Every structure is written in C-alpha cells, then in structure tokens.
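What follows is a short report on a single structure.
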DNA sequence: AATGAGCGC
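Numbering (the working numbering), first residue to last: 409 to 678.
Here it is in structure tokens:
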C-alpha cells in the first residue's frame with residue numbers, strides 16, 4: 409500500500425485542511441452548488457503527478473430526490489465525523505436498487521386486534537358520518553325511508569330489473585357507443601379526485617364514494633414502474649347525478665390528513 | 001400540482 413493518500417501522521421481531514429496550500433499536500437475537495445448544477449473538485453496524486461478532478465452534476469429536482477438532497481446536509485458523526493462531503497468509499501457501498509414488498513395493508517390491520525389504533529376507527533367513522541350527513545346508508549342498496557336527501561325522480565327502470573339498452577341508460581345521454589362498461593363511455597359521470605394522500609388505494613376510494621351511488625369504474629393514477637400513487641383518481645358512476653352529489657359531498661372533505669378536491673373529469677383524449 | 005393504460009382496428 410503506497411501511503412500517499414493516507415498519511416498516518418495526519419490524523420484526519422480536519423488537520424489537512426489546516427495545511428491547505430502547503431507544498432506537497434493536496435487541497436481539500438470542494439463542492440459548490442449553482443442553481444441545479446453541482447460541481448465537485450477533487451485533487452489526487454498518481455504516478456507522482458498531481459491531478460485536479462472537476463465533476464459536474466445536474467441535481468434532480470423530482471420530489472423523491474428532495475429528501476435525499478436534504479439528507480446530504482446532515483452533519484456527519486462518529487468515525488465519519490471528519491470525512492469529506494459525499495460518500496466515503498472506505499465505508500460506503502452503493503448497491504443496486506432494493507424493491508420492497510409491503511406485507512401489511514389497511515384492511516389487514518382493521519381485521520386484527522390492532523383495532524385499538526384510534527386512527528383506524530377515526531377513519532371509518534369519518535366515512536360513516538359523511539354518509540349520514542347526506543342521508544345515505546353505506547349499504548348502497550336500500551336507503552332509509554325519510555332520508556334527508558329526497559330520492560331523485562328517476563323512473564324505476566333499473567330497479568325493476570328490466571333490460572335497458574345502453575343508448576337509453578343514464579337518462580338517454582349515451583349514444584352509439586359499445587356495450588363495454590369500461591370504455592370512456594361513462595365519462596359524463598366521471599369525477600376527478602385530487603389531493604389524495606399517496607397511500608390511498610382503490611378500496612379506500614370505493615368505501616368513500618360508494619354511498620353516493622353505484623360506481624362503474626375506479627382509476628387511481630399510479631406510477632407505472634414504482635406503483636406509487638400520483639395522488640389523484642377518477643371515479644365513474646353509472647348515474648351522473650350520483651357523481652354530482654359525490655362532488656358536492658366529498659369536495660373539501662378531510663381524508664387521511666388532506667383536504668380532498670373533487671371535480672368533474674374532462675374527457676380523456678382517446 | 002395534477003385529466004387515466006394498452007390494445008386492436
């Protein structure tokens with residue numbers, strides 16, 4: 409081991425900094441950040457020659473990287489207290505990405521004894537309270553007689569079980585589209601929900617919007633690769649007036665520490 | 001802050 413870079417008579421970087429500029433020693437590395445460009449300047453001696461290494465980085469500004477950037481400002485401590493900025497190759501390895509599988513989810517927690525967690529109760533309660541406020545039952549089928557919200561004057565077609573052709577459903581607003589319920593045909597009864605907390609899942613949305621009427625489709629926008637929720641979703645109802653009541657009822661509703669925003673969805677391009 | 005996936009025609 410040539411002891412050029414690690415001279416035992418110099419106990420730490422802190423001491424080397426004192427001698428910066430002296431003949432024979434190397435200036436300490438520097439790191440400057442201008443806008444979103446980071447410049448790292450290092451010096452080294454190889455084969456008796458001095459090298460100055462300047463590297464520039466573009467700093468990512470994605471949300472996920474902000475936390476990383478913030479951690480870079482943390483003070484080093486312990487045996488690394490006097491290390492130069494950045495990872496020390498002697499003590500740090502950068503590995504491949506590690507993908508985690510999350511074993512637990514909210515449903516599992518609710519069904520366990522962990523039910524004494526007050527947050528779980530609170531959450532369920534909020535949904536029920538909302539439903540009661542609007543005079544709806546969470547059961548979706550029967551509404552209590554004398555409910556505050558009058559039953560909309562919709563002819564009892566679907567309730568008799570009689571077949572209604574697609575073109576006559578939803579108040580006859582649909583025309584000439586396929587029978588497939590999953591196409592964009594339902595976009596006139598689709599709402600967009602934004603400001604969802606990122607751990608909200610489809611089942612949570614189901615629970616939340618079910619009281620307003622029968623739902624034909626739920627789309628929770630997620631990152632294709634990471635599965636991370638993008639914080640907004642589309643909920644399609646079979647009936648447009650159910651969607652309207654969902655907008656009125658849930659917009660501004662506090663859910664998972666955030667205030668939900670609910671609006672009509674614009675039709676998508678396809 | 002923000003308006004959806006992929007496929008076959």
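Backbone N, C-alpha and C fix where the C-beta goes; we use that ideal spot for every residue, glycine too. Model, not experiment: these values are computed from the prediction.
The three-state secondary structure of residue 616, taken from DSSP, is helix. Collapsing the DSSP output to three states places residue 644 in a strand.
Under the three-state reduction of DSSP, residue 439 is assigned to strand.
Per DSSP, reduced to three states, the secondary structure at residue 603 is coil, with no helix or strand assignment. When secondary structure is reduced to three states using DSSP, residue 651 falls in the helix class. If you look at residue 489, you'll find it isn't in any beta strand (DSSP E); DSSP assigns it neither H nor E.
Spatial neighbours of residue 602 in its own chain (CB-CB distance under 6 Å, excluding positions within 5 residues in sequence) are listed in chain order as 640 and 669. For residue 669, the beta-bridge partners assigned by DSSP are 602. For residue 624, the enclosing beta strand (DSSP E) stretches over residues 623-630. Taking the Cα positions, residue 436 is about 7 Å away from residue 450. In the displayed model, residue 639 falls within a strand according to three-state DSSP. Nearest in C-alpha terms to residue 645, of all of 596, 636 and 660, is 596. Note that the C-beta distance between residue 447 and residue 438 is below 9 Å. Residue pairing for residue 448: DSSP places it in a beta bridge opposite 439 and 463. Fewer than three pairs of CB atoms, one per stretch, sit closer than 8 Å, so the segment 648-656 makes no contact with the segment 626-633.
From the listed residues 490, 466, 464 and 495, the smallest Cα separation to residue 479 is found for 495.
Exclusion of the five residues before and after residue 621 leaves 645, 647 and 650 as the residues of its chain whose Cβ lies within less than 6 Å of its Cβ.
When 673, 485, 458 and 434 are compared, the shortest CA-CA separation from residue 598 is found for 673. Taking the Cα of residue 442 as reference, the smallest distance to any Cα among 466, 656 and 458 is reached at 466. Cβ-Cβ distances below 6 Å link residue 666 to 603 and 605 in the same chain, with the five nearest sequence neighbours on each side left out; the list follows chain order. Between residue 637 and residue 618, the alpha-carbon positions lie close to 21 Å from each other. Listed as beta-bridge partners of residue 662 by DSSP are 667.
Contact between residue 613 and residue 628 holds: CB atoms are separated by about 7 Å, below the 8 Å threshold. Checking the DSSP bridge columns, you'll see residue 454 partnered with 457. Only residues of its own chain outside the window of five on either side were considered, and among them 447 and 449 have a CB closer than 7 Å to the CB of residue 462, listed in chain order. Looking at 609, 642 and 660, the one whose alpha-carbon comes closest to that of residue 623 is 642.
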